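Engineer:
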Amino acid sequence: PGYYDIDLEATDLGDSLDVVTTSQRIQIVPNTQDTYISDLELLATILPEKQETNILNKSGMYLEPLPFRLYYPALNELHLYHETYHIDQLPGQAYIQYIITPVSGDSTQILKSYKKLRKEAANANIFQLDIQNLITGPYSIEAVLFDGNKVPIENRIVDFSRFNPKGDSIFI
14 PGYYDIDLEA TDLGDSLDVV TTSQRIQIVP NTQDTYISDL ELLATILPEK
64 QETNILNKSG MYLEPLPFRL YYPALNELHL YHETYHIDQL PGQAYIQYII
114 TPVSGDSTQI LKSYKKLRKE AANANIFQLD IQNLITGPYS IEAVLFDGNK
164 VPIENRIVDF SRFNPKGDSI FI
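Residue 14 is where the sequence shown starts when you use my numbering, and the numbers rise one by one after that.
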């Protein structure tokens with residue numbers, strides 16, 4: 014927790030005198046909740062990783078971020094990574110509910126899935142879904158943490174887009 018300054022400098026490789034700089038101060042606030050979900054990370058690829066020195070390695074896996082939150086036609090699987098903390102403090106069998114819905118238009122749920130969580134202080138969670146038949150459009154995915162009594166504790170939402178001409182033609 015605290016205040017941090019982020020400095021960004023971009024240089025044109027063709028003209029080393031053309032430099033753009035910017036700076037922004039941000040505040041990281043302490044998490045006051047005992048049990049919580051980290052931000053949801055949409056990924057292009059998840060692979061087992063043995064080299065600990067790779068900057069894209071986290072929790073023993075290679076996690077390649079999804080550029081622009083866009084699943085283009087060659088990507089037929091949605092990969093989602095997040096962490097849950099202090100699940101061991103919840104009563105009963107805690108679980109996560111994942112819900113994918115369109116952002117605009119028809120508001121019916123496309124998918125609802127569940128995953129049980131281990132009773133540990135920190136869990137790395139991966140959710141994968143075949144999206145080759147998901148039609149083109151904007152969507153949101155929500156992860157809701159429930160305790161063993163089916164009481165919602167916390168949720169996180171992230172939006173993404175799918176571009177899928179093949180899925181559109183099947184739908185039509």
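Cβ atoms here follow ideal geometry from the backbone N, Cα and C, with glycine treated the same way. None of these values were measured; they are calculated from a predicted model.
1. Buried or exposed, going by whether 16 or more other CB atoms sit within 10 Å of the CB of residue 97?
2. Assign residue 159 to one of two classes, buried (16 or more other C-beta atoms within 10 Å of its C-beta) or exposed (fewer than that).
3. What three-state label does DSSP hand residue 72 in the structure shown?
4. In the DSSP assignment, the beta strand (DSSP E) including residue 20 goes from what residue to what residue?
5. Run through DSSP, which three-state label would residue 43 get?
6. Is residue 113 near residue 100, with beta carbons less than 8 Å apart?
7. Whole angstroms is fine: what's the gap from residue 87's alpha carbon to residue 52's?
Structural biologist: Taking the structure as given:
1. buried
2. buried
3. coil
4. 15 to 25
5. coil
6. no
7. 25 Å
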